[in-house]
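Heads up, the first sequence is in UniProt numbering, so the first residue is 1 and it goes up one at a time.
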Amino acid sequence: MLDKTYRPQDAEGKLYSKWMESGAFACGRNDSEDAFTIVIPPPNVTGNLHMGHALNNTLQDILVRFERMRGKDVLWQPGTDHAGIATQMVVERQLAEQGITRHDLGREKFIEKVWEWKEQSGGSIIGQLHRLGASCDWSRERFTMDEGLSRAVRKVFVQLYKEGLIYRDKRLVNWDPKFHTAISDLEVEQKEVNSHMWHFNYPIEGEEGRFITVATTRPETMLGDTGVAVHPEDERYKDLIGKFVILPIVGRRIPIVADDYADPEQGSGAVKITPAHDFNDFEVGKRAGLEVINIMDENACLNDQVPEKYRGMERFQARKEIVAEIEALGLLNKIEDHVHMVPYGDRSGVVIEPFLTDQWFADAATLAQPAIRAVETGQTKFVPAKWTNTYYDWMRNIQPWCISRQLWWGHRIPAWFGPDGMIFVEETEEEAIAAAKAHYGRDEELSRDTDVLDTWFSSALWPFSTLGWPDKTPELSKYYQTDVLITGFDIIFFWVARMMMMGLHFMEGEAPFHTVYIHALVRDEQGAKMSKSKGNVVDPLDLVDNYGADALRFFLSSSAAQGRDVRLSEQRVEGYRNFTTKLWNAARFCEMNECREYEGFDPFAVKDVVNRWIVGEVAKCEAAVREALEGQRDGYRFNDASSAIYSFTWNVFCDWYLEFAKLPFQGDDEALKAETRATAAWVLDQILKILHPFMPFVTEELWGSLGVARENDLIISDWPVYPAGAVDAAAEEELEWVQGLITGIRGVRSEMNVPAGAKIPLIFNEGSDAHKARLDRHWNIVSRLARLEDKSMDAELPKGSLQFVHDGAVVALPLAGAMDLDAEKARLEKEIGKLNGYITGLNKKLGNEKFVSGAPDNVVAAEREKLAEAEVKMAKLKDAADRLGEL
RNA sequence: GGGUGUAUAGCUCAGUUGGUUAGAGCGUUGCCUUGACAUGGCAGAGGUCACAAGUUCGAAUCUUGUUACACCCA
């Protein structure tokens, strides 16, 4: 006998281990030709499970379990990425506690430490995914720094280099002065900052007392100015173009140039140009042939290119002192308050410095072309489709991708420099040496590039590197192209776009997935983004502890409506915990009534109309869930799928069918009892199957607890397939009629304050023969659920009856002196008033010539039928009211 | 500044190609400890679908504009 409530804490761990040990998660478990593959968005190895992961992985698991039950050979490829900066930070912080830096250890020792850390405490997020129920094939877990994946990275780098799609260049990059590395545009966050606009007067050479005023938000960069730009059409400055100014403090003679970049409306209309420290200035400098002077070092302190007193000074300190000196020189024109955007490193949180260095770049613009085409031609589609535009916008305006990082932890760039700076890019040192020998004609000392690659470079290969590429493995041929990528919009650029580029380039033009499903963001209860700084982060594992993984999963999938963010609501999670209890108790009820065996039972040959009805309802529910999940039309409608199985289980099976079933269970019609038991058992099993992808734990637990010998665990049992014609329309109509009658009686009873326990008689007048037969057939059910004690048909109505109209029949509940006549009269009148409004509306519609001629025939006919029905009902309600009035 | 969304019951949200007397969950009100379940049952109240104009026989749904909010990019 099942307990009264389901206890997730007792079941979840045990079931998860059982699934793992049984090999249920593994790909290749069956020999189906039909594969279904998802690669997990690899979480950072430093990461902890947050709500976004919980949503992301719940949705993946739903699809994976669904397709697994449908008999496909499913691979859900898991793993983590090595998170270059984040991981290096974690380990450096640990070292700092012992008072040492990575430089004390040296590169090799430090990397050993990182691996040690990874073995001991890295990847704890994997265990957290287990708690969610994620059915990944853990035997295939990969890490972006694995030997195999690293080999893929080297091969890709070398090939792209040799194709000219990777190159080394001296360009301005986003420099993170805290981590001493370049970062990509995407890792820079623009933040609005209240600051100032400083206006400096630069003296014009040879024109004593004449100045040009330049406005800047970054005074400290003036030491690196190599020009002043004005708009070519700006009348104020036209005569100055071609002249020179003497840069204050520095004394450098720098030209005034004409460039459209100078906006006459902004500031003074003249801008100082610092090509080495501003992206726009760099372009202007290039156009005007200005000198490029780098005035900072890797810590964003001023270097030897500036006057002595400023050397080694930190950039913000320098700002203050330069403003002070300019003021002392009498060259400070004015200072205005100014709000502008300042770039910050998303990891370091410090202000990013545009910095001129040698870096490695990937020619993203070229790689993007096939990636754009793949979406244009529909080889890959985004769901919801609106993300397509976001993708295009970015891809069509893509900048060179800076792929080198000045870190130690990561894939070291396979490039070696000869003594003359010649570059040899090869997969191994031996090959590089050989190439150098071929080049120089003798052995030369080579030094390897010290940089590593951007973590996203290796993540971009994930859909094929995890399958064994560059080897031609059976997995690669079977599971690539993968099916659907499920991820958040925030990494469309970081990851999705780059996987598209690399997949198409290296997998013979085959995109890494045919569908990209972009899900929403999980917000807090008030709709705010969760963030550590706000302190509004909810740990999904706390919710799992309190309500069970199934409740959290069901909440997430019910909330995953396309195009809308998920607002976390603990109350709703609790509600879905209640749903597990409801299901549990329904199963318990079945168990108590010996609904167990149905061997040889054919649900589609049941005789009893109630059983025929529920079988049809199961089929409808299955179809709704399947169609919502599979990608036929718009697909991936997790919320629709969830609500279909939820409302079937609770509002159809529990609320109606099990109530109906109580009669046969307590009666003495043994044949009916047996059929009902088998049907109930069968329906319960169908619910467990259909619900399993959403709530894997409670369903598996019940599957194994009902005293039935099962061939398989639920996780690998077959998704139901029902014959055509499973829905018996006549049974459906009949049971809806019965439910409507019961609901109607309950409604008037409750409204007229008939005590819930009181059993009252029923008079059923003016019904058709078919309806009378139905009432006879279902009298047991109706009388029990509507609390009736006696019925008569076509009988005279005693004075003082509650009356309503059900499908053309007058249903009366005689209460004799016990009822409040005025209240009943008011109730009927309200009903009549409501119906009257409805009829008026219909009449107006049907009286409109244009509607009758313009609307499709079936719509007009339907409206006519509605009107006819309403009029019949109206007549009967009026009779009922008249009868009351006669008293 | 450019772009993309969103606006429906007290709250959170569904609403598929225009044919609805606009749905759900939570909350709320009344009744009910009825032998599966009070983590429950039954019933009810609650919405001029942000605003304005338009297209149409017909608009929550399509078009345009306005307002508010959110996000992305500069």
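Note that the Cβ used here is the ideal one computed from N, Cα and C, for glycine as well.
Measuring alpha carbon to alpha carbon, tell me which residue in the options is nearest residue i.
i           : options                           : result
residue 902 : Phe579, His411 and Ile745         : Any property of residue 902 remains undetermined from this structure, which presents the chain solely from 1 to 887.
Arg168      : Ala362, Asp239 and Lys4           : Ala362
Leu485      : Pro41, Leu15, Ala628 and Glu21    : Pro41
Val351      : Thr181, Asp281, Arg236 and Gly209 : Thr181
Asp260      : Val738, Arg287, Ser465 and Phe244 : Arg287
Ile293      : Gln317, Leu877 and Ala276         : Ala276
Glu21       : Leu884, Ile715 and Leu877         : Ile715
Lys118      : Ile100, Ala460, Asp81 and Gln128  : Asp81
Lys866      : Thr473, Tyr237, Arg442 and Ile839 : Ile839
Phe36       : Asn48, Tyr16 and Trp76            : Trp76
Val754      : Ile781, Val727, Ala786 and Lys772 : Ala786
Arg626      : Leu543, Val606, Ser643 and Arg347 : Ser643
Output the boundary residues of the alpha helix (DSSP H) element that contains residue i.
i      : result
Thr455 : Thr455 to Ser459
Gly289 : Taken as a continuous stretch (DSSP letters only), Gly289 belongs to no alpha helix (DSSP H), as it is neither H nor E.
Tyr722 : Segment: none, Tyr722 is in no alpha helix (DSSP H) and carries neither H nor E.
Thr580 : Glu570 to Met592
Trp462 : Trp462 to Ser465
Val323 : Arg315 to Ala328
Ile839 : Leu821 to Gly847
Could you give the residue range of the beta strand (DSSP E) that holds residue i?
i      : result
Phe382 : Lys381 to Val383
Met793 : Leu788 to Met793
Arg140 : Unbroken run through Arg140: none, as it is neither H nor E.
Arg171 : Ile166 to Asp176
Phe424 : Ile423 to Val425
Sorted by chain position, which residues of the same chain lie with C-beta nearer than 7 Å to residue i's C-beta, five sequence neighbours on each side aside?
i      : result
Ala880 : Gln803, Val810 and Leu828
Ser139 : Ala26
Val852 : Leu846 and Val860
Lys272 : Val214, Thr216, Met222, Asp225 and Val228
His519 : Leu55, Asn56, Leu59, Ile486, Gly488 and Ala560
Taking only three categories from DSSP, how would you classify residue i?
i      : result
Ala528 : coil
Phe804 : strand
Val860 : helix
Gly23  : coil
Ile433 : helix
Trp416 : strand
Arg405 : strand
Arg626 : helix
Met341 : strand
Pro814 : strand
Asp278 : coil
Val158 : helix
Ile781 : helix
Pro540 : helix
Trp613 : helix
Lys238 : helix
Val245 : strand
Ala270 : strand
Ala551 : helix
Cys654 : helix
Identify, in the order they occur along the chain, each residue of the same chain with its Cβ nearer than 8 Å to the Cβ of residue i, setting aside the five sequence neighbours on each side.
i      : result
Ser569 : Glu525 and Phe555
Asn593 : Ala661, Phe665, Arg677 and Ala680
Gly23  : Arg29
Lys876 : Glu766, Val805, Gly808 and Val810
Considering only residues of the same chain and omitting the five flanking positions on each side of residue i, which have a CB-CB separation below 6 Å?
i      : result
Phe244 : Glu205, Arg253 and Pro255
Gln359 : Val173, Ala182, Cys402 and Ser404
Met819 : Gly800
Asp483 : Phe36 and Thr37
Task: Secondary structure, alpha helix (DSSP H): runs of 4+ residues fully inside the region 102-126 - done: Listed in chain order, the alpha helix (DSSP H) elements of length 4 or more contained wholly in the region 102-126 are 102-105 and 107-121.
- [ ] Would you list, in sequence order, the uninterrupted beta strand (DSSP E) runs of no fewer than 3 residues that lie entirely inside the region 346-401?
- [x] For secondary structure counted as the beta strand (DSSP E) over 3 or more consecutive residues, the region 346-401 holds these complete runs in sequence order: 353-362 and 381-383.
Task: Ranges of the beta strand (DSSP E) found wholly within the region 483-532, counting only runs of at least 3 - done: Inside the region 483-532, DSSP marks whole beta strand (DSSP E) runs of 3 or more residues at positions 513-519, from first to last along the chain.
Task: Length-filtered (4 minimum) alpha helix (DSSP H) runs lying within the region 675-757 - done: Whole alpha helix (DSSP H) segments, 4+ residues: 696-703 and 729-751.
TODO: Identify every run of the beta strand (DSSP E) within the region 191-233, keeping only runs that are complete inside it and at least 3 residues long; order them along the chain.
DONE: DSSP runs (the beta strand (DSSP E)) wholly in the region 191-233: 211-216 and 227-230.
- [ ] Could I get the ranges of all uninterrupted beta strand (DSSP E) runs contained in the region 17-101, with 3 residues as the minimum, in chain order?
- [x] Scanning the region 17-101 from its first residue to its last, the whole beta strand (DSSP E) runs of 3-plus residues come out as 35-39 and 73-77.
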